[in-house]
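Working notes for the structure below.
2 protein chains.
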Amino acid sequence: MLRIAGVQFIGHADRAVNLASAERMVREAAARGARIACLPELFNTMYFCVETKPEYFDWAEPVPGPTTERMGALAGELGIVLIAPVFEKAPDGRYFNTAAVLGPDGGFIGKYRKSSIPFMDASRSPEPRGNEKYYFTPGDLGFPTFDTPFARIGILICYDRHFPEAARVLGLGGAEILFVPTATTRMTRYLWDVELRAHAIANAYYVCGVNKVGVDVGGSKRDHHGNSMIVSPKGEVLAEASATADDIALADVDLSALPALRSLWGYYRDRRPDKYGPVVDLPSGTVHPASATQLAGTR
Amino acid sequence: MLRIAGVQFIGHADRAVNLASAERMVREAAARGARIACLPELFNTMYFCVETKPEYFDWAEPVPGPTTERMGALAGELGIVLIAPVFEKAPDGRYFNTAAVLGPDGGFIGKYRKSSIPFMDASRSPEPRGNEKYYFTPGDLGFPTFDTPFARIGILICYDRHFPEAARVLGLGGAEILFVPTATTRMTRYLWDVELRAHAIANAYYVCGVNKVGVDVGGSKRDHHGNSMIVSPKGEVLAEASATADDIALADVDLSALPALRSLWGYYRDRRPDKYGPVVDLPSGTVHPASATQLAGTR
Numbered sequence: 001m002l003r004i005a006g007v008q009f010i011g012h013a014d015r016a017v018n019l020a021s022a023e024r025m026v027r028e029a030a031a032r033g034a035r036i037a038c039l040p041e042l043f044n045t046m047y048f049c050v051e052t053k054p055e056y057f058d059w060a061e062p063v064p065g066p067t068t069e070r071m072g073a074l075a076g077e078l079g080i081v082l083i084a085p086v087f088e089k090a091p092d093g094r095y096f097n098t099a100a101v102l103g104p105d106g107g108f109i110g111k112y113r114k115s116s117i118p119f120m121d122a123s124r125s126p127e128p129r130g131n132e133k134y135y136f137t138p139g140d141l142g143f144p145t146f147d148t149p150f151a152r153i154g155i156l157i158c159y160d161r162h163f164p165e166a167a168r169v170l171g172l173g174g175a176e177i178l179f180v181p182t183a184t185t186r187m188t189r190y191l192w193d194v195e196l197r198a199h200a201i202a203n204a205y206y207v208c209g210v211n212k213v214g215v216d217v218g219g220s221k222r223d224h225h226g227n228s229m230i231v232s233p234k235g236e237v238l239a240e241a242s243a244t245a246d247d248i249a250l251a252d253v254d255l256s257a258l259p260a261l262r263s264l265w266g267y268y269r270d271r272r273p274d275k276y277g278p279v280v281d282l283p284s285g286t287v288h289p290a291s292a293t294q295l296a297g298t299r
Numbered sequence: 300m301l302r303i304a305g306v307q308f309i310g311h312a313d314r315a316v317n318l319a320s321a322e323r324m325v326r327e328a329a330a331r332g333a334r335i336a337c338l339p340e341l342f343n344t345m346y347f348c349v350e351t352k353p354e355y356f357d358w359a360e361p362v363p364g365p366t367t368e369r370m371g372a373l374a375g376e377l378g379i380v381l382i383a384p385v386f387e388k389a390p391d392g393r394y395f396n397t398a399a400v401l402g403p404d405g406g407f408i409g410k411y412r413k414s415s416i417p418f419m420d421a422s423r424s425p426e427p428r429g430n431e432k433y434y435f436t437p438g439d440l441g442f443p444t445f446d447t448p449f450a451r452i453g454i455l456i457c458y459d460r461h462f463p464e465a466a467r468v469l470g471l472g473g474a475e476i477l478f479v480p481t482a483t484t485r486m487t488r489y490l491w492d493v494e495l496r497a498h499a500i501a502n503a504y505y506v507c508g509v510n511k512v513g514v515d516v517g518g519s520k521r522d523h524h525g526n527s528m529i530v531s532p533k534g535e536v537l538a539e540a541s542a543t544a545d546d547i548a549l550a551d552v553d554l555s556a557l558p559a560l561r562s563l564w565g566y567y568r569d570r571r572p573d574k575y576g577p578v579v580d581l582p583s584g585t586v587h588p589a590s591a592t593q594l595a596g597t598r
């Protein structure tokens with residue numbers, strides 16, 4: 001059995017406070033036995049996207065860079081895999097909403113860049129929404145899986161979780177655990193369980209959703225609902241964190257059960273890729289398995 | 300508002316009894332105002348796939364054919380759209396698990412053939428399972444939507460519902476309501492709500508799941524859980540039928556709300572078809588939107 005953790009804490013306008021909160025909570029997760037821990041979306045800043053201010057671009061940083069190096073050192077000290085989502089400034093001048101994967105040797109394993117970027121007109125919402133399209137270029141890395149020492153993992157960031165194709169690509173890539181660092185609010189609380197559970201069931205992997213919690217100190221009134229959650233491949237909620245406070249969702253997952261589950265259910269065996277063409281803007285029937293290239297994974 | 304119905308009834312080894320039950324229940328649904336009604340998977344037979352007997356192939360029939368003509372006459376008399384799932388024998392000698400769509404003028408609108416065909420080893424199940432691979436060729440029609448006089452609809456049959464790509468292709472094709480005729484058992488009851496609700500949310504359409512109920516009289520001990528269900532695009536359960544008896548799930552749906560919902564949420568706008576290549580067995584990034592052909596639908 002492998003113990004994993006979704007670590008949530010109340011954010012702060014002062015980035016140093018977030019770093020300290022994250023470090024304290026990750027140490028606690030490791031002390032309680034977690035071997036993989038995930039922080040929320042944009043963990044070291046408040047959720048700044050409710051405003052469109054050029055000065056917030058100054059908070060972006062290279063990945064790898066200072067913050068991921070500090071988190072890598074922490075992962076190395078604790079001997080864990082740590083997922084650290086930050087605001088990335090790429091060398092070519094673009095900005096991404098990124099998650100870095102740091103290994104138990106302190107090294108940089110890889111990164112994922114949020115693929116689908118939301119923007120909901122604030123006038124249509126009863127609570128502050130994010131104009132993320134102002135800040136983030138849609139990710140250009142596809143949906144990689146990361147073969148860490150403890151599990152093969154995939155990452156979707158917040159809004160990405162509304163796209164079942166994205167969750168499926170990670171399953172096809174052999175993901176055993178999907179981590180979903182998030183910064184979402186009470187308005188969409190009703191979607192949280194059902195989407196995470198559905199991804200887990202359809203793809204026969206574990207899902208760990210990690211949400212921000214509460215109102216950022218010194219930030220907007222946007223109220224994040226917490227409820228970081230670990231779900232089994234049968235859609236069972238194994239752990240759920242507080243709706244209002246710093247907390248850790250912690251559960252033991254059994255990766256050895258996944259191959260038999262995939263074999264029993266056949267949800268990979270009985271797919272019809274030859275008929276899913278419209279998912280990639282091709283007519284149904286034009287994509288033939290005979291043209292398939294080999295994919296990584298455990299189908 | 301449009302009233303729709305999922306019609307469930309206890310099956311029988313005598314096909315004439317099923318036809319009579321279906322006709323009685325569809326008349327009741329229409330009398331209660333339903334303009335579209337859907338019957339369960341393989342509505343006019345018992346669920347015979349728990350056995351592998353060559354003589355059951357005699358129950359297959361052309362589509363259109365005698366049963367769909369009779370159901371078409373009923374739809375015409377009642378002025379409704381009727382979805383009638385039957386065991387199809389194709390002219391070329393193949394057999395399909397098919398659903399016919401019959402119009403309010405009594406005409407044959409089209410058909411869908413179940414795309415993903417299950418087979419669970421009975422020795423691994425505490426209850427009778429179906430070896431559907433013995434009977435049914437995987438459907439060759441893709442995932443069509445049907446532009447009926449009351450709504451554009453899509454159909455997935457039973458096991459198909461475990462495949463989020465299939466549900467998405469129907470959304471891309473402009474489906475406003477997804478009907479899911481089914482014959483599933485209490486063992487998988489825990490999946491029913493979460494999968495139907497997740498499809499509704501991700502694709503911003505209504506979902507009407509229609510399950511067989513109870514044990515077929517004169518058939519196997521396989522116990523179908525009923526609970527035919529209508530779900531809103533927000534994942535709300537609008538209606539749920541009995542777990543044990545003949546019943547109708549009946550609800551009013553507001554198709555006029557769908558375009559604004561799709562616009563508000565952006566789940567179609569912010570998709571990344573260029574990164575979903577693995578869903579159709581292509582590497583991520585090889586399918587470029589510039590090569591896209593125009594799809595039907597309301598993206």
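Those sequence lines, one after another, are chains A and B.
Under the working numbering, the first residue of the first sequence is numbered 1, with each subsequent residue one higher.
Under the working numbering, the first residue of the second sequence is numbered 300, with each subsequent residue one higher.
Note that CB positions come from ideal geometry on N, CA and C, so glycine has one too.
Assign residue i to one of two classes, buried (16 or more other C-beta atoms within 10 Å of its C-beta) or exposed (fewer than that).
i, result
"Tyr190 of chain A", "exposed"
"Pro181 of chain A", "buried"
"Ala595 of chain B", "Here the model assigns Ala595 of chain B a pLDDT of 33, short of 50, so the residue's position is not dependable, and the following value carries that caveat. The residue in question, Ala595 of chain B, is exposed, as its Cβ has fewer than 16 Cβ neighbours within 10 Å."
"Ser422 of chain B", "exposed"
"Leu264 of chain A", "exposed"
"Glu376 of chain B", "exposed"
"Met370 of chain B", "buried"
"Gly11 of chain A", "buried"
"Gly534 of chain B", "buried"
"Gly525 of chain B", "buried"
"Glu165 of chain A", "buried"
"Ser115 of chain A", "buried"
"Glu240 of chain A", "buried"
"Ala37 of chain A", "buried"
"Lys221 of chain A", "exposed"
Quick one, which of the options has its alpha-carbon nearest residue i's?
i, options, result
"Pro384 of chain B", "B:Leu455, B:Ala372, B:Phe356", "B:Leu455"
"Cys507 of chain B", "B:Glu327, B:Gly453, B:Thr483, B:Met486", "B:Gly453"
"Arg3 of chain A", "A:Ala99, A:Glu195, A:Arg271, A:Val81", "A:Val81"
"Asp58 of chain A", "A:Ala34, A:Ala29, A:Tyr95, A:Arg222", "A:Tyr95"
"Ala542 of chain B", "B:Asp551, B:Val552, B:Leu581, B:Trp491", "B:Trp491"
"Arg152 of chain A", "A:Cys158, A:Pro138, A:Leu170", "A:Leu170"
"Tyr56 of chain A", "A:Asp121, A:Pro164, A:Ala198, A:Glu132", "A:Glu132"
"Ala202 of chain A", "A:Phe163, A:Ala183, A:Met187, A:Thr188", "A:Phe163"
"Tyr567 of chain B", "A:Pro54, A:Tyr267, A:Pro278, A:Ala239", "A:Pro278"
"Thr436 of chain B", "B:Ser424, B:Asp391, B:Ala328", "B:Asp391"
"Leu178 of chain A", "A:Pro144, A:Gly79, A:Gly139", "A:Pro144"
Please list, in chain order, the chain A residues whose beta carbon lies closer than 8 Å to that of residue i.
i, result
"Tyr566 of chain B", "His162, Phe163"
"Ser583 of chain B", "Gly142, Phe143, Val169"
"Glu494 of chain B", "Ala198, Ile201, Ala202"
"Gly508 of chain B", "Going along chain A, no residue has its Cβ under 8 Å from Gly508 of chain B, so there is no contact; the nearest lies around 14 Å."
Going by beta carbon distance, what residues of the same chain come within less than 8 Å of residue i, once the five residues before and after it are set aside?
i, result
"Leu258 of chain A", "Glu176, Ala204, Tyr205, Pro233, Thr298"
"Arg331 of chain B", "Arg302, Ala304, Ile547, Leu549"
"Tyr134 of chain A", "Cys49, Thr52, Phe119"
"Met1 of chain A", "Asp252, Val253, Asp254"
From residue i to residue j, what distance separates their C-alpha atoms?
i, j, result
"Asp160 of chain A", "Ile529 of chain B", "26 Å"
"Leu141 of chain A", "Arg113 of chain A", "6 Å"
"Thr185 of chain A", "Gly130 of chain A", "11 Å"
"Phe386 of chain B", "Gly472 of chain B", "25 Å"
"Gly214 of chain A", "Asp569 of chain B", "27 Å"
"Ala292 of chain A", "Ser583 of chain B", "Note that Ala292 of chain A has pLDDT 37, beneath the 50 cutoff, so the model's placement of it is unreliable and no number is given."
"Asp281 of chain A", "Pro572 of chain B", "6 Å"
"Pro128 of chain A", "Val493 of chain B", "28 Å"
"Pro40 of chain A", "Asn97 of chain A", "12 Å"
Listing by chain order, which chain A residues have their CB less than 9 Å from the CB of residue i?
i, result
"Met419 of chain B", "Leu264, Trp265, Gly266"
Suppose the cutoff is 7 Å on Cβ atoms and the five residues either side in sequence are ignored; what does the same chain contact list for residue i look like?
i, result
"Ile408 of chain B", "Val400, Leu401, Gly402, Phe445, Thr447"
"Asn317 of chain B", "Gly310, His311, Phe342, Asn343, Thr344"
"Ala90 of chain A", "Phe96"
Looking at the ligand ZN, does it come within less than 8 Å of residue i, judged from the CB to the closest heavy atom?
i, result
"Thr543 of chain B", "As for the ligand ZN, it is missing from this structure, which has no ligand bound."
If I measure Cβ to Cβ from residue i and keep anything under 6 Å in the same chain, skipping five residues before and after, which residues do I get?
i, result
"Phe308 of chain B", "Ser320, Met324, Asp545"
"Gly518 of chain B", "Ala312, Met345"
"Val217 of chain A", "His12"
"Arg326 of chain B", "none"
Just the chain A side, please: which residues come within less than 7 Å of residue i by C-beta, in chain order?
i, result
"Glu475 of chain B", "In chain order: nothing, as chain A lies at least about 17 Å away."
"Ala571 of chain B", "What sits at residue 571 of chain B in the sequence shown is Arg, not Ala. Under the 7 Å cutoff, chain A gives Ser115, Ser116, Pro138."
In chain B, which residues lie less than 7 Å from residue i when you measure between Cβ atoms?
i, result
"Lys221 of chain A", "Chain B residues near Lys221 of chain A: none, gap ~21 Å exceeds 7 Å."
"Arg124 of chain A", "Leu563"
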